[in-house]
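J.:
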Amino acid sequence: MLVPLSTLDQLLGRTGITMGYVIKSVDNATLEAAGKRVVDKWRLLAGRLERNPSTSMWSIRVPLEGEVSDRLQFTTSKLAVELDAPIIPVDAMSSEILVRPDLKYFRHPSTPNSMSAFSSSNAPILFIHVTELSNCACVGISVPHGVFDAFGLGQIIRSLDAELNGKAWTPPPFSETNIMDETLQELKAAAPLYTNEPAALIDVKRELVPPSLTNVACIGADIAYEYLWQKAEVKAVYLGENVVDEMVRKVKDEVKSFGTGFVSTGDIIVAWFLKTAYLRETDKNAVYVSTMVSIRSPLEEKNPAFNSYTHNCLMPCCCPSLSKEEIASKSLAELAVIHRKAIDDMRNIPFIQAYNHWVAKIGGVAMPTRRRGADSWVFSNQIVGHLDEIDFGSEMSAFWHWNLPFAVDHSVILNKFKGGYIIEAVVRRSRWEAVAEEVERMKKGENALRVQ
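Position in the sequence shown (from 1) plus 1011 gives the number in the working numbering.
In structure tokens form, the structure reads like this:
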């Protein structure tokens, strides 16, 4: 069977994802056998990427019958060294800065990133790599981003957990048509569901532009500046369940007093991280905040199958521009409300239709832009993927996410872990120092909401 991927999948076709889990120990034979059972039952994972030369569109060639035990790439290594990052125990009361280990412990060097590399090497689309170290074991699960987003990767993680722990599970469906492209084409052809252009699209059009060599060069120079001059680093903050619950309670009480309705824990954590990163900066320079948002829930109105849709199903959400001065002066509640309103204003069918009409007008592709002297943040709330929900039979001390071949600066990923939250980010060193200072205050039991 040939399973077509969507136009959205093609846009992410040059990137890969690796999830890395740090655990006490691992049974390699058990893990490999479980992985092979997952691939055998969920035949999509046994497929190979295939490109149509006449349309340049990608599909997955799926074997519906026959032996597929070779369709899982399972590799191992063993080193008589300790992990190159501290293993810090966390619990419900924890506030910790975590240092990310080296990717080499979680990903075999032969693992491709792009769909073209997967295809040219005839590689499986699921890679599992284990490195046993003297103080822990590292398990990495890698897939092409052009096939799976965080939700789809989470389906793989939970399937593997089910096979490891004797749980019943049902493989997600796949078919010879792509419901994403079908639905978006229907919306594009239909009469507009909006009278005036949605206001939320104005913010999106500010942050996304047609591709150009000038813009690519500008982004490249900006990323180089952040990494080389500002010493951007990848670290994470862990906030335990009790710490987050107290923060959320205070913020939601304030939001209730506004009479403005609901904000999520994710909205509050985004607001907290922004305010914390800018504790030492209160100038008038602009800050632009975007969030990659899953659109499965509104698309379910058009087709219930989106409830279990495996492939990429996300769209950019852009907040109104703020200055560092405004971020400093606004409360967590006010910033959380801004973030929630931006999401609510775009997570609906009329906006999705308007966005696709606009993208079609500018040539079918839009890319982020950068401005001199301004910061552009991209948040990704991956809690929808439940990426922590796997039991390897050994205590897990941390897990990490890699977007490959590299992560842009000011990109932030939010996940749940042990009841609390991990905020993993690429941020310049001075801002990590500000975050670490606030985390240290929280550890000492001081008023965590100096960031208020």
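Glycine included, each C-beta is placed from N, C-alpha and C at the ideal position.
Between which two residues does the beta strand (DSSP E) holding T1087 run?
T.: Position 76 of the sequence shown, counted from the first residue, corresponds to residue 1087. Bounds of the beta strand (DSSP E) holding T1087 are Q1084 to K1089.
J.: Could you round the C-beta distance between I1167 and V1154 to whole angstroms and report it? I think they count as a contact, below 8 Å.
T.: Residue mapping note: residue 1167 aligns to position 156 of the sequence shown, counting from 1. Residue mapping note: residue 1154 aligns to position 143 of the sequence shown, counting from 1. The pair is a contact, with the Cβ atoms about 7 Å apart (cut-off 8 Å).
J.: For the alpha helix (DSSP H) containing N1124, name the first residue and the last one.
T.: Here the question's residue 1124 lines up with position 113 in the sequence shown. Taken as a continuous stretch (DSSP letters only), N1124 belongs to no alpha helix (DSSP H), as it is neither H nor E.
J.: So for V1092, helix, strand or coil by DSSP?
T.: The residue labelled residue 1092 in the question sits at position 81 within the sequence shown. If DSSP states are grouped into helix, strand and coil, V1092 belongs with coil.
J.: Bridge partners of H1029, per DSSP?
T.: Position 18 of the sequence shown, counting from 1, holds the residue named residue 1029. Contrary to the premise, residue 1029 reads as Thr rather than His in this sequence. Among the bridge pairs identified by DSSP, T1029 is matched with S1153 and W1413.
J.: Exposed or buried, I1306, counting other C-beta atoms within 10 Å across all chains shown (16 or more means buried)?
T.: One-based indexing of the sequence shown puts residue 1306 at position 295. Burial call: buried.
J.: Buried or exposed for G1404, going by 16 or more other Cβ atoms inside 10 Å?
T.: Translated into the one-based positions of the sequence shown, residue 1404 becomes position 393. Label assigned to G1404: exposed.
J.: Which of the three DSSP states, helix, strand or coil, is assigned to F1185?
T.: Against the sequence shown, residue 1185 aligns to sequence position 174. The answer is coil: DSSP assigns F1185 none of H, G, I, E or B.
J.: Please list, in chain order, all residues of the same chain as K1454 whose beta carbon is under 7 Å from its beta carbon, the five residues on each side excluded.
T.: As a position in the sequence shown, residue 1454 is number 443, starting the count at 1. Excluding sequence neighbours, K1454 sits near S1106.
J.: Identify whether V1266 lies in helix, strand or coil by the three-state DSSP scheme.
T.: Mapped onto the sequence shown, residue 1266 falls at position 255. In this structure, V1266 counts as helix in the three-state DSSP scheme.
J.: What residue range does the beta strand (DSSP E) around A1436 cover?
T.: Translated into positions along the sequence shown, residue 1436 becomes position 425. Taken as a continuous stretch (DSSP letters only), the beta strand (DSSP E) holding A1436 covers G1431 to V1438.
J.: So, under 8 Å CB-CB, V1266 and V1348 are touching, yes? Tell me the CB distance rounded to an integer number of Å.
T.: Numbered from its first residue, the sequence shown carries residue 1266 at position 255. Numbered from its first residue, the sequence shown carries residue 1348 at position 337. About 6 Å separates the two Cβ atoms, so the contact holds.
J.: On the DSSP letters alone, give me the boundaries of the beta strand (DSSP E) that R1059 sits inside.
T.: By 1-based counting over the sequence shown, the position of residue 1059 is 48. Where R1059 is concerned, the enclosing beta strand (DSSP E) stretches over R1059 to R1062.
J.: Are the beta-carbon atoms belonging to S1017 and D1160 less than 7 Å from one another?
T.: Stepping through the sequence shown from its first residue, residue 1017 is reached at position 6. Stepping through the sequence shown from its first residue, residue 1160 is reached at position 149. Taking C-beta atoms as the reference points, S1017 and D1160 fail to come closer than 7 Å.
J.: Let me check understanding here. Comparing Cα to Cα, which of P1361, R1217, W1369 and N1392 lies closest to A1297?
T.: Start at 1 with the first residue of the sequence shown, and residue 1297 comes out as number 286. Selected option, being the one with the closest Cα: R1217.
J.: Mind checking whether the beta-carbon of A1200 lies closer than 6 Å to any heavy atom of the ligand SAM?
T.: No copy of the ligand SAM occurs in the structure displayed, which carries no ligand at all.
J.: Roughly how many angstroms separate the alpha carbons of A1211 and L1333, rounded to a whole number?
T.: By 1-based counting over the sequence shown, the position of residue 1211 is 200. By 1-based counting over the sequence shown, the position of residue 1333 is 322. Taking the straight line joining both Cα atoms gives about 15 Å.
J.: Using the beta-carbon count (16 or more within 10 Å), is G1456 buried or exposed?
T.: Indexing the sequence shown from 1 puts residue 1456 at position 445. Result: exposed.
J.: Which residues does DSSP list as the beta-bridge partners of D1386?
T.: Taking the first residue of the sequence shown as 1, we reach residue 1386 at position 375. In DSSP, D1386 forms a bridge with V1298.
J.: So, for M1012: in the same chain, excluding its five sequence neighbours on each side, which residues have a beta-carbon less than 7 Å away from its beta-carbon?
T.: As a working mapping, residue 1012 is identified with position 1 in the sequence shown. Answer for M1012: V1073, L1075 and E1187, listed in chain order.
J.: If you run the structure through DSSP and keep just helix, strand and coil, what is R1048?
T.: Locating residue 1048 in the sequence shown gives position 37, counting from the first residue. Helix at R1048.
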